[in-house]
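A.B. asks: Can you keep this structure in mind? I'll have questions shortly.
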Amino acid sequence: MKKIFCLGIAVSCFIYNVSAQKIDDDPLVDSIKAEITRFFIGEGLLDKGKVKGSLDYVYVSEINKKRSIGYDANGIYRIGIHRSHSPEYIMIKEDGKYVILGFEKFSKVLKEVIFYSERNKCDSELLISYVESVIEIYKYNSKSSNFKLNQSR
1 MKKIFCLGIA
11 VSCFIYNVSA
21 QKIDDDPLVD
31 SIKAEITRFF
41 IGEGLLDKGK
51 VKGSLDYVYV
61 SEINKKRSIG
71 YDANGIYRIG
81 IHRSHSPEYI
91 MIKEDGKYVI
101 LGFEKFSKVL
111 KEVIFYSERN
121 KCDSELLISY
131 VESVIEIYKY
141 NSKSSNFKLN
151 QSR
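For the record, in the sequence shown the residue sitting at position 95 is 95 according to our numbering, with numbers rising by one throughout.
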C-alpha cells in the first residue's frame, strides 16, 4: 500500500512537471520582453539610458494562471514595469503574434479579450475570468497617479 501511495505521488509530480514545461524558447521570450521594454520606453515609463538593454525592468504574467510568458502558446497577459504605482497594460499572445493594448479605449480592450476568447473557444467561465481581470487592471490604473484615463468611449 505504501508503494502504491509513493508511486501515486511520483506520477502526480511528473504530470505537474510536464504541464509546466516551457513552450516558447528563451530567445523568443527575450525578444517579446525586449519589445515590451521598448514599448514602455516609448510611453515614457522607462528611461532608455537607465535600461541599457536589460529585460529585468518588465514583467509579463498570464492574467489567470499567473505564469510567466513562455509556458502557454496563447494567452492574455498583464504587463508592466517593476515600479510602484506604474500602469499595467494587456498583451494578447496568439499564434506566435502578440499585441499590446492600452486602456485609452477601454471598450476596445474588452472587445479584443472577447474576440480572443471566441477564437480560442474559451468557455464562459474563462471568458468571465478574463474580463474580471481586465476590469481589475483598469481599476488599478485609474487609481495610479501616473495614468490618465480617457473618458471617451
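Just so you know, even glycine gets a beta-carbon here, dropped at the ideal spot from N, CA and C.
(1) Using a threshold of 8 Å, state whether the C-beta atoms of C95 and I23 are closer than that.
(2) Would you mind listing the alpha helix (DSSP H) stretches within the region 97–146 that are 4+ residues and don't spill past its ends, in chain order?
(3) For the region 19–96, which segments carrying the beta strand (DSSP E) assignment without a break, of at least 3 residues, lie completely within its bounds, in sequence order?
(4) Just how far apart, CA to CA, sit D123 and S129?
(5) Should E104 and N141 be called a contact, given that it needs their Cβ atoms to be closer than 8 Å?
(6) Around the Cβ of K93, are there at least 16 other Cβ atoms within 10 angstroms (buried) or fewer (exposed)?
(7) Measure the CB-CB distance between V51 and I36 and report whether it falls below 8 Å.
(8) Is it true that the CB of Y57 sits closer than 8 Å to the CB of I69?
(9) So K100 and M91 are supposed to be a Cβ contact under 8 Å. How far apart are they, rounded?
(10) Taking a contact to mean a Cβ-Cβ separation below 8 Å, would you say S144 touches H85 in this structure?
(11) Based on Cα-Cα distance, which residue from G49, S133, D47, L126 lies nearest to V109?
C.D. replies: Judging by the given coordinates:
(1) In the sequence on display, residue 95 carries Asp and not Cys. No, the pair does not count as a contact, with Cβ atoms beyond the cut-off.
(2) Fully enclosed alpha helix (DSSP H) runs of 4 or longer: 106–119, 124–143.
(3) As far as the region 19–96 is concerned, its whole beta strand (DSSP E) runs of at least 3 residues are 58–62, 75–81, 89–94.
(4) Each residue's alpha carbon lies about 10 Å from the other.
(5) No.
(6) The residue is buried, with at least 16 neighbouring Cβ atoms inside 10 Å.
(7) Against a cut-off of 8 Å, the Cβ pair of I36 and V51 comes out as no contact.
(8) Going by beta carbons, I69 and Y57 fall outside the 8 Å limit.
(9) Sequence check: residue 100 is Ile here, not Lys. Rounded to the nearest angstrom, the Cβ distance from I100 to M91 is 5 Å, consistent with a contact under 8 Å.
(10) In this structure, H85 lies closer than 8 Å to S144 by Cβ.
(11) Residue S133 is the option with its Cα nearest to V109.
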